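Per this note's numbering, the very first residue in the sequence shown carries number 425; after that it's consecutive.
This report concerns only the one structure given below.
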Amino acid sequence: MAKRKEENFFSPENAKRPRQEELDDFDKDGDEDECTVSFTNGTSTLTAAEVGIIESIQLRNFMCHSMLGPFKFGSNVNFVVGNNGSGKSAVLTALIVGLGGKAVATNRGSSLKGFVKDGQNSADISITLRNRGDDAYRANVYGNSIVVQQHISMDGSRSYKLKSETGTVVSTRKEELIAILDHFNIQVDNPVSVLTQEMSKQFLQSKNEGDKYKFFMKATQLEQMKEDYSYIMETKERTKEQINQGEERLIELKRQCLEKEERFQSIAGLSTMKTNLEYLKHEMAWAVVNEIEKQLNAIRDNIKIGEDRAARLDRKMEEQQVRLNEAEKKYKDIQDKLEKISQETSARAPECMALKTDVTAKKRTYNEAEVLYNRSLNEYRALMKDDEQLCKRIEELKKSTDQSLEPERLERQKKISWLKERVKALQDQESSINQEIEQFQQAIEKDKEERVRIKREELDVKHTLSYNQRQLKELKDSKTDRLKRFGPHVPALLEAIDDAYRRGRFTCKPIGPLGACIHLRDPELALAIESCLKGLLQAYCCHNHADERVLQALMEKFYSRGTSRPQIIVSEFRNEMYDVRHRAAYHPDFPTVLTALEIDNAVVANSLIDMRSIETVLLIKSNSVARAVMQSQKPPKNCREAFTADGDQVFAGRYYSSENTRPKFLSKDVDSEISDLENEVENKKAQILNLQQHLSTLEKDIKRNEEFLRRRQIHYRELKVKITESISEIRELENIEEHQSVDIATLEDEAQENKIKMKMVEKNMEQQKENMEHLKNLKIEAENKYDAIKQKINQLSDLAEPLKDELNLADSEVDNQKRGKRHYEEKQKEHLDTLNKKKRELDMKEKELEEKMSQARQICPERIEVKKSASILDKEINRLRQKIQAEHASHGDREEIMRLYQEARETYLDLDNKVRTLKRFIKLLEEIMTHRYKTYQQFRRCLTLRCKLYFDNLLSQRAYCGKMNFDHKNETLSISDMVNRRIAMDMILKMADSQRFRQFILLTPQSMSSLPSSKLIRILRMSDPERGQTTLPFRPVTHEEEEDRS
């Protein structure tokens, strides 16, 4: 800031002492905020100042006020009074900020954006400065006043507009504002000019005497003088450094001068150097020939090695083709077997059902025939027994002559008739029960078959439930760590890989699992891509077999023996992806697996291309469209297969359905997958519960039917016993000796009829036996056929499972062999390209050799033996040429050498003179700064005495006492006085009256009604803020109003 000029002080004659009441009122408001602003121009007159006076100020959207002002200030003493919140602090803060001060200088905030009213985008400050008289700043441009407008944005930035009296914008640069403030000697950062409430409290209430001393130094600008002195001393040290550098440069210049002198002394041996140069040129010519011949020999050796390697690659290509043909044949044979098994199984299924039905029917027919045969056999046995009894009875009757028992015989005949009717009823009941037994047996057999089927279905559902529960656990774990979707040990395995790589165990860090390195462009194709890549999603890539062995050793720690491990692909890592445009499949509507994936790592993309040929596999969401594209018409070029969104695999002549219903590794919506899987788990649990309930019902039905069957069988046996007993009783009654009433002829006739009946029953029984044997044979034949076809179907199923595994292995083998073939093809192509390049290089080198030999013979006709290399000879030739040229230069132009020497000498002397001058300057500067520092100390002492004098004078005028002590060594200032605020105010007014060329603005919450009336004092009273008020107006209070109010 500009330096303060001399001021004159005087005591006004009309000064009055205030009343005691007014002093008491003034002291009551000691806790309210109060601050002072004092501005001065550079003059020392007792009239009103003409420049540097703040005429007016206006605020908009500043701090908490929508609008303050505009209002005008007087040229001498101004009081801005009002209650808290009326805008006094806003006016003071706006004066500091509006005149270029920083936000921290206001003690109201650390950033300008804090001064913008809440809810507004910007704030504006407009300050008008007086610019009259001879000391006006660019009066021809600005006129009688300068308007400083500042716009503060919400982001804390601000812009300036410096306008003339007529409102024309003169400048928008802050440098212009600084120049104006320097010209008017306005110092917003000097507490003597602007004393805020916080600064006054810090000064008056601070117990730290060092802070008061700093305040004194800053107010008197002694601090600025001290800083200027420090800056000059730093400049002196930098000048000393320049002198030291100049002295070092003098040493270098002196050395150069000596070198220039030495150039006169080296003029001999020029002829010898030229002869040596010519000989070196001869050697150089034949050295170049020697090197080209060595290169030719190396190229020929490389070509021979390359041709041998090409032959080996051809043999490997043939071997690889043979292995590929064998793998494709094996794959086709297995596929044909699977198709044949599938067709045969499908063809045998209806026959199996028909045979099962036939077996059931033949069992039923055989059982019925067996029942009829057993009936006939029982009847035949009974007839035989009757025949024996009749014969025995006839013999007995023939011997007996007693005919006296006729009534008993009649009674026996009556009972026999009743018993025969009973036997017939029991036999009918037996037949009915036998049919019930057969029905129960059939029902039990049917329920048992259903039970076996339900148990098998329950076992399948339990396996599915267990798989879904494991997958659900993996999905939930993957929410916190996505890598766990590829196996619970994957995160730990990857940490082990990182640790091993840091220890240098890997040549290149393995990459994997591959599924974690790829991203889907279309989430709907997740299942299709998983069905295509299968186990490759969990695979890892290694740069070489050494890295593979290290990775296998790490995997043994996490995967126990017997469990499946991730596949390891060994292929040299490349930074660029294969160019597959010439062999990739293309369809305008459907992507390939390669184009459907986002793969950032070229190694991952190349591995999937090698292992699965993903550039040839199309992805078609619709099953029907996939069949149409691959089977109803010719497949797209280079396309060997396609996958649908359901995971089905489609070839040109066959179609395989997927066993999976949802993606396991590549699904992005994990929460949805978890929700679906939880629902499916619940459904499977409910299905198992239903199956268990069904099983329980079947068990109950089987037990109930078995109980009914047991009861019917017991009843059947009881009926058999009753029938047998009744028949036996009939026979016994018939066999009772009836000597008195037996007619032998009748018995003989009955015996004859019984024999005839026996023959009929025997014949019928033989027919039934033959029929039963025939039916038995039919039943056994049907059972054998059913068992055979069922066994065949089971055998086919058993055969299909390993064949599927073999088919997958064969498919992988085909892919591996194709990849190996492509690998050798690419190697062969690359090798042949290199070999052809070597041959072309050989041709070029042979031509170059001929040219170099021709050039060498022109330089030196006879070939000479050269031991040095061409590069060494070239350096010696260049060095000798430079030396010869230097000699030529020294002997050819002595004046040039003299001129260079003279210039070097003049440069040396000039620099030496400058260094001496700077040394003298430094010495003089040290003397001047010593004197200036003494003057600074004297000036500081004068200001200290002057400050003490003013302090004592002001206090003595009011009959007060105080003390002010300065300690410049420890930089402390102690002040003690007994002056209260009202007395201080009176002293401020006396000082303002004595310095009318200065402007004083004082902000206080007190009414100032006790002030003496004067034209130099202007009181600006601000209204209390009202609810909803956006503008806080104020106006000057006249002397008449003040008197009326008092």
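The beta-carbon is built from N, C-alpha and C at its ideal position, and this holds for glycine as well.
Just so we're clear, the structure is a prediction, and the values are computed from it rather than from any experiment.
Does the separation of the CB atoms of residue i and residue j fall below 8 Å?
| i | j | result |
| --- | --- | --- |
| Ser-1150 | Arg-817 | no |
| Asn-1030 | Arg-998 | yes |
| Gly-524 | Ile-602 | yes |
| Leu-918 | Gly-939 | no |
| Asp-613 | Ala-527 | no |
| Ala-950 | Leu-1090 | yes |
| Arg-562 | Val-475 | no |
| Leu-1479 | Ala-1224 | Outside the displayed range of the chain (425 to 1470) lies residue 1479, so it cannot be described from this structure. |
| Glu-1230 | Ile-758 | yes |
| Met-808 | Met-1189 | no |
| Val-795 | Glu-1207 | no |
| Lys-1193 | Tyr-797 | yes |
Which of the three DSSP states, helix, strand or coil, is assigned to residue i?
| i | result |
| --- | --- |
| His-1255 | helix |
| Lys-838 | helix |
| Arg-1382 | coil |
| His-575 | strand |
| Phe-1014 | coil |
| Leu-1233 | helix |
| Glu-898 | helix |
| Ile-935 | strand |
| Glu-1172 | helix |
| Phe-982 | coil |
| Val-1512 | For the chain, the structure presents residues 425 to 1470; residue 1512 sits outside this window and is missing. |
| Thr-1396 | strand |
| Gly-476 | strand |
| Tyr-964 | strand |
| Gln-482 | strand |
| Tyr-1248 | helix |
| Val-746 | helix |
| Met-1388 | strand |
| Leu-619 | strand |
| Ser-569 | strand |
Give me the DSSP bridge partner(s) of residue i.
| i | result |
| --- | --- |
| Asn-531 | BP columns for Asn-531 are empty, so no partner. |
| Phe-1067 | Leu-1043, Gln-1073 |
| His-943 | Glu-1022 |
| Arg-1442 | Asn-502 |
| Phe-1132 | Per DSSP, none; premise fails for Phe-1132. |
| Leu-674 | BP columns for Leu-674 are empty, so no partner. |
| Tyr-1079 | Val-1074 |
With residue i as the anchor, note down where its beta strand (DSSP E) starts and where it stops.
| i | result |
| --- | --- |
| Leu-492 | 489-496 |
| Tyr-637 | That residue, Tyr-637, is in no beta strand (DSSP E); its alpha helix (DSSP H) goes 633-643. |
| Cys-956 | Run containing Cys-956: none in the beta strand (DSSP E); it sits in the alpha helix (DSSP H), 950-957. |
| Leu-553 | 546-555 |
| Leu-586 | 582-587 |
| Val-565 | Taken as a continuous stretch (DSSP letters only), Val-565 belongs to no beta strand (DSSP E), being part of the alpha helix (DSSP H) at 563-566. |
| Ile-1038 | Counting along the chain, Ile-1038 falls outside any beta strand (DSSP E), and DSSP gives it neither H nor E. |
| Val-1053 | No beta strand (DSSP E) contains Val-1053, which DSSP labels as neither H nor E. |
Where do the N-terminal and C-terminal ends of the alpha helix (DSSP H) with residue i fall, by residue?
| i | result |
| --- | --- |
| Ser-513 | 512-522 |
| Lys-598 | 598-608 |
| Val-914 | 914-926 |
| Val-594 | It is not in any alpha helix (DSSP H) - Val-594 instead sits in the beta strand (DSSP E) that spans 593-595. |
Cβ contact check for the segment 718-738 and the segment 1253-1261: 3 or more pairs under 8 Å: Enough Cβ pairs lie closer than 8 Å, so yes.
Using 8 Å as the cut-off, can you tell me whether the segment 1039-1053 makes contact with the segment 1002-1021, which would need three or more C-beta pairs spanning the two stretches below that distance? Output reads yes: the segment 1002-1021 touches the segment 1039-1053.
Under 8 Å, with one C-beta from each stretch per pair, do the segment 493-503 and the segment 1412-1425 reach the 3-pair mark? Touching, yes, given that three or more Cβ pairs across the two stretches are closer than 8 Å.
Are at least three pairs of beta-carbons, each pair with one atom in the segment 1137-1149 and one in the segment 849-867, less than 8 Å apart? Yes, the segment 1137-1149 is in contact with the segment 849-867.
Using 8 Å as the Cβ pair cut-off and three pairs as the minimum, do the segment 556-571 and the segment 539-548 touch? With the rule of 3 Cβ pairs closer than 8 Å, the segment 556-571 does not count as touching the segment 539-548.
I'd like to know if the segment 1046-1061 and the segment 1075-1082 are in contact, where contact means that at least 3 CB-CB pairs between them fall below 8 Å. Yes, the segment 1046-1061 touches the segment 1075-1082.
Using 8 Å as the Cβ pair cut-off and three pairs as the minimum, do the segment 703-713 and the segment 1294-1312 touch? Touching, per the Cβ criterion.
Measuring CB atoms only, is the segment 862-879 touching the segment 1113-1133, in the sense that at least three cross pairs come out at less than 8 Å? Contact between the segment 862-879 and the segment 1113-1133 is present, because at least three Cβ pairs lie under 8 Å.
Examine the Cβ distances between the segment 641-649 and the segment 607-621 and report whether three or more of them are shorter than 8 Å. Using a C-beta cut-off of 8 Å, the segment 641-649 makes contact with the segment 607-621, since at least three inter-stretch Cβ pairs fall below that distance.
Does the segment 747-754 come close enough to the segment 1232-1242 that 3 or more CB-CB pairs lie under 8 Å? Flag = yes, the segment 1232-1242 and the segment 747-754 touch.
Between the segment 974-984 and the segment 911-928, are three or more C-beta pairs nearer than 8 Å? At 8 Å Cβ cutoff, the stretches touch.
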